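K.L.:
Chains as they are written, first to last, in the numbering used here: chain A, 1 to 321; chain B, 1 to 321.
(1) Can you tell me where the alpha helix (DSSP H) holding residue 168 of chain A begins and where it ends?
(2) Could you check how far apart the C-beta atoms of residue 236 of chain B and residue 158 of chain B are, in whole angstroms? I think they sit under 8 Å.
(3) How many Å lie between residue 53 of chain A and residue 49 of chain B at the Cα?
(4) Per DSSP, what kind of secondary structure is residue 89 of chain A in: helix, strand or coil?
(5) For residue 35 of chain A, I'd like the list of residues in its chain whose CB is within less than 8 Å of its CB, leaving aside the five on either flank, ordered along the chain.
(6) To the nearest angstrom, how far is the alpha carbon of residue 146 of chain B from that of residue 202 of chain B?
(7) Could you spell out where the alpha helix (DSSP H) holding residue 307 of chain A opens and where it closes?
(8) Going by the beta-carbon positions, is the gap between residue 233 of chain A and residue 210 of chain A smaller than 8 Å?
(9) If you scan the segment 41-93 of chain B from start to end, which runs of the alpha helix (DSSP H) of 4 or more residues do you find wholly inside it?
(10) Leaving out the 5 sequence neighbours to the left and right, which residues in its chain are closer than 8 Å to residue 322 of chain A when beta-carbon positions are compared?
(11) Are the CB atoms of residue 74 of chain A and residue 32 of chain A nearer to each other than 8 Å?
(12) Is the segment 125-142 of chain B touching the segment 159-168 of chain B, taking contact as three or more C-beta pairs under 8 Å?
(13) Measuring only between beta-carbons, confirm whether residue 120 of chain B sits less than 8 Å from chain A.
(14) Reducing DSSP to helix, strand and coil, say where residue 130 of chain A ends up.
(15) Measuring straight from C-alpha to C-alpha, what distance separates residue 16 of chain B and residue 124 of chain A?
(16) Checking contacts by CB at 8 Å: is residue 51 of chain A closer than that to chain B?
(17) Is residue 222 of chain B helix, strand or coil when you go by DSSP?
(18) Looking only at its own chain, which residues have a Cβ that is under 6 Å from the Cβ of residue 190 of chain A, when we skip the five neighbours before and after it?
(19) So which residues on chain A does residue 54 of chain B lean against when the C-beta distance must stay under 7 Å?
(20) Counting only C-beta atoms, is residue 225 of chain B closer than 8 Å to chain A at any point?
(21) Using beta-carbon positions only, say whether residue 271 of chain A and residue 249 of chain A come within less than 8 Å of one another.
(22) Return the residue from the list B:231, B:242, B:305, B:281 that minimises the CA-CA distance to residue 255 of chain B.
(23) In angstroms with no decimal places, state the Cα-to-Cα distance between residue 194 of chain A and residue 153 of chain B.
(24) How should residue 323 of chain A be labelled, buried or exposed, when 16 other C-beta atoms within 10 angstroms of its C-beta is the threshold for buried?
(25) Counting only beta-carbon separations shorter than 8 Å, does residue 109 of chain B have a partner in chain A?
(26) Using the three-state DSSP reduction, which class does residue 150 of chain B fall into: helix, strand or coil?
(27) How would you list, in chain order, the residues of chain A whose beta-carbon sits under 9 Å from the beta-carbon of residue 116 of chain B?
(28) For the segment 62-69 of chain A and the segment 86-106 of chain A, state whether three or more C-beta atom pairs, one from each stretch, are separated by less than 8 Å.
(29) Below 8 Å CB to CB, which residues in the same chain sit around residue 5 of chain A once its five sequence neighbours on both sides are set aside?
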């Protein structure tokens, strides 16, 4: 993973994001320099190296994905009214709403400009996959916003939402690398399934850690989702499993303003406990994790070539569970 | 023009914009049904028919451009806080800010999805042109916003702004049609120049009509730009030509709140009169108009094939000047 991270970071540093008009490009440069784990471009490079390594086109595709991902963060931060991203002010907070909208738009266009360089023989496949994925990410964001207003969200709907909002972009990152590596259609599709299922498992883990993490290692407040009545897998599963008394209590907890937030979190966790939600969630995570590994095992490639992908799964899924 | 309009409208009506999640797609359908003159897709079709007619790929490219153009309107309306578009509520007014941002984003992605269908042999050229143009449109919008805050905008800067914000998309519409019609590089470039110069002339005419139109035919209030201190070609030219006394008076008029708006408009128009701004603007328009016709005349094609393009120029440039 270190090698792919270096490859990507070197390529990123060679790019010039500071053009004219500077009021438009400075925020883009700011956003791209904020860092982050660069998981998606690393997956793209790994997806390529699993097959025939084709460095330059892959780096361009990887950067397209990373810029697109950062564009979604810029616009999501507006929609969520988020003041902070990666410990720094968000673009709309630092530069204003209009700049955040327009520089986000330009980032998306810029992502497409990097796709120009994937090679004509791969362009249509990569472009089609990128478009489909980008549209799905928007659908996922809309569902996420819709769910905030709805009281009847089902678990399959929730899984569809996280699949679109998060998992498909991880999957597409891998698959784009595979396409540029001349993988067969089946291999590329298996790698996509691997990424999609890891993505879903990762998002479920995020829900899990909010309730059950070691606060110090987790890096954010335990119970934040509960305090905000966020419709996580845990809450939806609890509502689905609850007996009428538990259901009434849970509904009351998530619809009335608590006098004491810590007590509210404890009360919800206690219901989760009674309903074995911790174990339910672990099983669900494991099921997607297993599906992912199964898909990867379908690909005929030497184990040492698969190792970086298994390492990144361990990294993503090993967060204090 | 009637034929090309029908071709495009028929194709547009075959599309289905109403998908799930409906909170995201309903606003897109609303926007695409609001109408407008469909100038850009019509230019794309005409650009194609000037060379080898290739209907289906051209219609897809034409729709990509029209969706992209409508995306820019959705996001521009947020930035301008505009309540009304084509006589109807704007998306952010009708559906809220977040929906306007996200449905705009999805419209851009959707535009790219239509580009998938231009044919593999044309894809890279069309895609590259589309990307470059889309980025320029964003640059133009940023300059336009920047100019509102600046008091030292020059005429070349202003021309660059309208070229990016408006003219290049008209030019690219024509050129995309030409590429799909197997035009030579030179022919496609001449058609691009034709469109770009018509676009600049058209935008200058817009400035001109604000001051000198027959109010009834123009359909909006004469002097609106003057009332808003908009940095039009007329104002910038007047500031550039003014003697010190006129300059001081003009500066005072555009920086202090008037007690009587009609009197302010009259005072500015009176300075324009003294400086012969009407004729200066007509000459500038004519110069770009001539450049456009010159570029078109460089293309070897039968006159009857060029006629639709000349007709649309007459329509665009014949507005009561």
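Built from N, CA and C at the ideal position, the CB exists for glycine as well. This one's a predicted model, so the numbers in the text were calculated from it and none came from an experiment.
P.N.:
Straight from the coordinates:
(1) Taking the first chain and counting its residues from 1, one reaches residue 168 of chain A at position 168. Judged by DSSP secondary structure, residue 168 of chain A falls within the alpha helix (DSSP H) whose first and last residues are 168-180.
(2) Your numbering for residue 236 of chain B matches position 236 in the second chain. Your numbering for residue 158 of chain B matches position 158 in the second chain. Between residue 236 of chain B and residue 158 of chain B, the beta carbon gap of about 5 Å places them in contact (Cβ cut-off 8 Å).
(3) Locating residue 53 of chain A in the first chain gives position 53, where the first residue counts as 1. Locating residue 49 of chain B in the second chain gives position 49, where the first residue counts as 1. When the Cα atoms are used, residue 53 of chain A and residue 49 of chain B turn out to be separated by approximately 43 Å.
(4) By 1-based counting over the first chain, the position of residue 89 of chain A is 89. Residue state, collapsed to three classes: strand.
(5) Numbered from its first residue, the first chain carries residue 35 of chain A at position 35. Closer than 8 Å at the Cβ level, and outside the excluded window around residue 35 of chain A, lie 86.
(6) Against the second chain, residue 146 of chain B aligns to sequence position 146. Against the second chain, residue 202 of chain B aligns to sequence position 202. Cα-Cα distance, rounded: 22 Å.
(7) Locating residue 307 of chain A in the first chain gives position 307, where the first residue counts as 1. Note, residue 307 of chain A: alpha helix (DSSP H), 303-317.
(8) What you label residue 233 of chain A is simply residue 233 of the first chain in a count that begins at 1. What you label residue 210 of chain A is simply residue 210 of the first chain in a count that begins at 1. Contact: no.
(9) Within the segment 41-93 of chain B, the complete alpha helix (DSSP H) runs of at least 4 residues are 55-79.
(10) There is no way to answer for residue 322 of chain A, as the model of chain A reaches only from 1 to 321.
(11) Taking the first chain and counting its residues from 1, the one referred to as residue 74 of chain A is at position 74. Taking the first chain and counting its residues from 1, the one referred to as residue 32 of chain A is at position 32. For residue 74 of chain A and residue 32 of chain A, no; Cβs fall outside 8 Å.
(12) Flag = yes, the segment 125-142 of chain B and the segment 159-168 of chain B touch.
(13) To locate residue 120 of chain B, count along the second chain from 1; it is residue 120. Interface residue, yes.
(14) Counted from its first residue, the first chain places residue 130 of chain A at position 130. DSSP places residue 130 of chain A within a helical segment (H, G or I) once states are collapsed to three.
(15) Taking the second chain and counting its residues from 1, the one referred to as residue 16 of chain B is at position 16. Taking the first chain and counting its residues from 1, the one referred to as residue 124 of chain A is at position 124. Cα to Cα, residue 16 of chain B sits roughly 23 Å from residue 124 of chain A.
(16) Residue 51 of chain A sits at position 51 when you count from the first residue of the first chain. No, its Cβ sits nowhere closer than 8 Å to a Cβ of chain B.
(17) Translated into positions along the second chain, residue 222 of chain B becomes position 222. The answer is coil: DSSP assigns residue 222 of chain B none of H, G, I, E or B.
(18) Taking the first residue of the first chain as 1, we reach residue 190 of chain A at position 190. Cβ within range, chain order: 295, 298, 299.
(19) One-based indexing of the second chain puts residue 54 of chain B at position 54. None at all; the shortest Cβ gap to chain A is about 17 Å.
(20) In the second chain, residue 225 of chain B corresponds to position 225, counting from 1. Taking 8 Å as the threshold, the shortest C-beta distance from residue 225 of chain B to chain A does not fall below it.
(21) For the purposes of this step, residue 271 of chain A is taken as residue 271 along the first chain, with counting starting at 1. For the purposes of this step, residue 249 of chain A is taken as residue 249 along the first chain, with counting starting at 1. A contact, by the Cβ cut-off of 8 Å.
(22) For the purposes of this step, residue 255 of chain B is identified with residue 255 of the second chain, where counting begins at 1. When C-alpha distances from residue 255 of chain B are compared across B:231, B:242, B:305, B:281, the shortest belongs to B:231.
(23) Along the first chain, one-based indexing puts residue 194 of chain A at 194. Along the second chain, one-based indexing puts residue 153 of chain B at 153. Taking the CA atoms as reference points, residue 194 of chain A sits about 54 Å from residue 153 of chain B.
(24) Any property of residue 323 of chain A remains undetermined from this structure, which presents chain A solely from 1 to 321.
(25) Translated into positions along the second chain, residue 109 of chain B becomes position 109. Closer than 8 Å to some Cβ of chain A, the Cβ of residue 109 of chain B qualifies, so yes.
(26) For this step, residue 150 of chain B is matched to residue 150 along the second chain. Coil.
(27) In the second chain, residue 116 of chain B corresponds to position 116, counting from 1. 124, 127, 128, 131, listed in chain order.
(28) Short answer: they don't touch.
(29) The count along the first chain starts at 1 and reaches residue 5 of chain A at position 5. 38, 42, listed in sequence order.
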